[in-house]
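J.: The following block contains the structure, expressed as structure tokens.
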Amino acid sequence: MQVIKILDTGERQSQIGAALNLATSTIRTILQNKEKILSSTTATTTSSATRITRYRNNTIEEIGKRLFISTSRLTMKLNAIYHQANLL
1 MQVIKILDTG ERQSQIGAAL NLATSTIRTI LQNKEKILSS TTATTTSSAT RITRYRNNTI
61 EEIGKRLFIS TSRLTMKLNA IYHQANLL
């Protein structure tokens with residue numbers, strides 16, 4: 001969608017490709033399929049927008065945080081052991 005919006009401003013395809021780190025052939029393909037892309041995004045957005053915006057349960061959020069902390073600590077311990085073993 002970002003490419004299409006920029007194309008609509010009249011920006012050159014080569015400049016868009018350079019700015020977004022995309023090949024000019026990719027920009028041309030997007031331009032050729034512009035109508036299909038726009039029609040599919042409007043159809044998808046209206047029907048599934050409510051399903052995407054679900055919130056996590058607080059319990060699941062807390063478990064995720066604790067799991068991340070635990071994994072980070074374990075990774076740090078394993079890195080320390082690895083470095084000690086390489087020093088021997």
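Just so we're aligned, residue 1 is where the sequence shown starts under UniProt numbering, counting upward by one. Ideal Cβ placement from N, Cα and C applies to all residues, glycine included. Keep in mind the model is a prediction, meaning the values are calculated, not measured.
With a CB to CB cut of under 7 Å and the five nearest residues on each side skipped, what residues in its chain are close to T53?
T.: Bear in mind that the predicted position of T53 carries a pLDDT of just 49, short of 50, making it unreliable; the figure below should be weighed with that in mind. Contacts found: none.
J.: Would you report the Cα separation of N58 and G64, rounded to the nearest angstrom?
T.: C-alpha separation (whole angstroms): 10 Å.
J.: Taking the straight line between their C-alpha atoms, what separation do you get for L20 and I60?
T.: Looking at the two C-alpha atoms, the distance is approximately 36 Å.
J.: Would you identify the three-state DSSP class for G10, choosing helix, strand or coil?
T.: Of the three classes helix, strand and coil, the one that applies to G10 here is coil, per DSSP.
J.: For R66 and K77, what's the separation of their Cα atoms in angstroms?
T.: Distance between the alpha carbons of R66 and K77 is about 17 Å.
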